[in-house]
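Working notes, structure below.
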Amino acid sequence: MTTASLEFLNKLPKAELHLHIEGSLEPELLFELSKRNQIDIPFKSVEEVRAAYKFHNLQSFLDIYYQGASVLIHEQDFYDLTMAYLKRCQEDHVVHTEIFFDPQTHTERGIAMKTVIEGISRALKDAEQEWGITSQLILCFLRHLSEEAAIETLEQAKPYLEYIKGVGLDSSELGHPPSKFTNVFKSAKALGLELVAHAGEEGPADYIYEALDILNVSRIDHGVRCIDDDNLVARLIEEQIPLTVCPLSNTALCVYDDMAKHPILSLLEKGVCVTVNADDPAYFGGYMNENFMSLVTSLNLTEAQAKKLAINSFNASFIDDALKQKYIASVEAL
Ligand code: ADE
Ligand code: ZN
65 MTTASLEFLN
75 KLPKAELHLH
85 IEGSLEPELL
95 FELSKRNQID
105 IPFKSVEEVR
115 AAYKFHNLQS
125 FLDIYYQGAS
135 VLIHEQDFYD
145 LTMAYLKRCQ
155 EDHVVHTEIF
165 FDPQTHTERG
175 IAMKTVIEGI
185 SRALKDAEQE
195 WGITSQLILC
205 FLRHLSEEAA
215 IETLEQAKPY
225 LEYIKGVGLD
235 SSELGHPPSK
245 FTNVFKSAKA
255 LGLELVAHAG
265 EEGPADYIYE
275 ALDILNVSRI
285 DHGVRCIDDD
295 NLVARLIEEQ
305 IPLTVCPLSN
315 TALCVYDDMA
325 KHPILSLLEK
335 GVCVTVNADD
345 PAYFGGYMNE
355 NFMSLVTSLN
365 LTEAQAKKLA
375 INSFNASFID
385 DALKQKYIAS
395 VEAL
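This is the structure we're talking about:
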């Protein structure tokens with residue numbers, strides 16, 4: 065069994081399915097935008113910002129993450145943010161990405177839905193032309209806000225549905241179960257959108273059942289708490305329901321205190337369709353290949369396991385079958 069090397073991972077074509085674009089805002093761009101838009105931030109230097117990125121749970125991260133997003137004002141800001149992430153995709157050989165965005169974080173500050181979607185989408189189009197990276201956009205509802213606010217957000221997105229592949233559910237998980245959003249997910253489904261939800265990151269395995277059985281999602285974001293319920297793991301295997309797992313996020317937010325205890329590879333070996341993703345790379349210490357490398361260092365990830373994770377990422381994606389098969393063949397050819 066050959067342990068995967070960085071050189072091997074750099075050649076491995078991959079899809080990223082769990083990436084919050086606001087979570088890719090690097091401190092350097094945060095500072096540049098705060099100056100450009102004259103928005104005060106409570107930090108004096110890039111070093112001070114990085115020093116503040118010490119989290120003890122999801123909420124302690126979200127408080128800083130929402131503050132960071134306040135420097136995003138103009139269409140060009142969303143373009144610059146997205147382009148910087150896509151450049152990292154190109155470097156890490158991420159050939160397809162399905163990007164989350166949190167419109168309510170922006171519309172609540174008076175930024176128009178149009179500004180957000182057009183800025184992000186223009187960068188997606190340019191990256192496809194320049195590097196051949198394919199992509200899709202997933203609109204996330206903030207679960208700490210009401211379902212009425214989510215319904216209003218879906219309404220505001222209706223003129224831009226050509227840019228949106230699906231909807232998701234993120235933000236503070238505990239106390240905000242998936243069932244709180246039953247109606248808005250039903251409406252999104254009726255619009256032909258794909259459905260995903262964060263579940264079982266900090267919340268219990270029950271939230272994963274709710275996301276599957278009440279929201280009817282086809283993919284679970286995180287989902288690592290499934291390990292508390294053998295019947296649920298058996299179902300995930302049987303139905304091949306993908307989990308978009310985020311290793312560095314899970315250690316940064318203390319879901320696991322040590323990467324050596326992370327269950328991703330034991331789930332992979334059991335036959336769960338797990339994938340590797342960065343979640344919020346600017347905050348958690350790395351993009352796609354740094355997440356893969358953390359599995360090499362702590363869990364001795366092999367080349368065969370890395371290839372399986374990459375194949376899973378394409379199988380779990382929302383791309384059409386022909387392109388999916390083309391990407392999978394390029395992994396198998398390695
Ligand atoms: N928003 C951005 N990152 C998130 C995460 N890991 N969990 C929930 N909401 C998020
Ligand atoms: Zn996430």
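The numbering of the sequence shown is the working numbering, which starts it at 65 and goes up by one.
Glycine included, every Cβ here is placed at the ideal spot set by N, Cα and C.
| Chain-order list of residues whose beta-carbon lies under 6 Å from that of Glu182 (same chain, five-residue window excluded) | Residue 182 sits at position 118 when you count from the first residue of the sequence shown. Its chain contains Glu139 as the residues whose beta carbon lies nearer than 6 Å to that of Glu182, once the 5 sequence neighbours on both sides are disregarded; these appear in chain order.
| query | Just checking, does the stretch 204-215 make contact with the stretch 173-192 on the three C-beta pairs under 8 Å criterion? | reply | Between the stretch 204-215 and the stretch 173-192 there are fewer than three inter-stretch CB-CB distances shorter than 8 Å, so the stretches are not counted as touching.
| request: Using only the heavy atoms of the ligand ADE, determine whether one of them is closer than 7 Å to the beta carbon of His170. | output: Taking the sequence shown and counting its residues from 1, one reaches residue 170 at position 106. His170 Cβ: outside cutoff for every heavy atom of the ligand ADE.
| request: Kindly indicate which three-state DSSP category Cys204 falls into: helix, strand or coil? | output: As a first step, residue 204 must be located in the sequence shown, where it is residue number 140. DSSP, read as helix, strand or coil, puts Cys204 in strand.
| query | Secondary structure at Gly232, three-state DSSP: helix, strand or coil? | reply | One-based indexing of the sequence shown puts residue 232 at position 168. Here Gly232 sits in strand by DSSP.
| task | Whole angstroms is fine: what's the gap from Glu302's alpha carbon to Asp294's? | result | Here residue 302 refers to the residue found at position 238 when the sequence shown is read from its first residue. Here residue 294 refers to the residue found at position 230 when the sequence shown is read from its first residue. The alpha-carbon atoms of Glu302 and Asp294 are separated by roughly 12 Å.
| field | Cross-strand partners of Leu307 (DSSP beta bridge) | value | In the sequence shown, counting from the first residue as 1, residue 307 sits at position 243. Partner(s): Ile284 and Val338.
| query | Nearest-angstrom Cα distance between Ala275 and Leu73? | reply | By 1-based counting over the sequence shown, the position of residue 275 is 211. By 1-based counting over the sequence shown, the position of residue 73 is 9. Straight through space, the alpha carbons of Leu73 and Ala275 are spaced by roughly 32 Å.
| task | Return the residue from the list Glu266, Gln193, Tyr391 and Lys178 that minimises the CA-CA distance to Ile228. | result | Stepping through the sequence shown from its first residue, residue 228 is reached at position 164. The residue with the shortest Cα to Cα distance from Ile228 is Lys178.
| Where DSSP assigns a beta bridge to Thr198, which residues make up the other side? | Translated into positions along the sequence shown, residue 198 becomes position 134. According to the DSSP secondary-structure assignment, Thr198 is paired through a beta bridge with His160.
| message | Quick check: the stretch 343-358 against the stretch 72-90, are at least 3 beta-carbon pairs closer than 8 Å? | response | The count of Cβ pairs closer than 8 Å, one atom from the stretch 72-90 and one from the stretch 343-358, reaches three, so the stretches are in contact.
| Just the Cα atoms here: how many angstroms apart are Cys318 and Val260? | As a working note, residue 318 is residue 254 in the sequence shown. As a working note, residue 260 is residue 196 in the sequence shown. Their backbone Cα atoms lie some 23 Å apart in a straight line.
| request: Label Ala316 either buried or exposed according to how many other C-beta atoms from any shown protein chain fall within 10 Å of its C-beta, with 16 as the threshold for buried. | output: Sequence index remark: in the sequence shown, residue 316 carries index 252 (1-based). Label assigned to Ala316: buried.
| With distances taken from CA atoms, which of Ala148, Gly230 and Glu86 is nearest Ile128? | Taking the first residue of the sequence shown as 1, we reach residue 128 at position 64. Ranking the options by Cα distance to Ile128, first place goes to Glu86.
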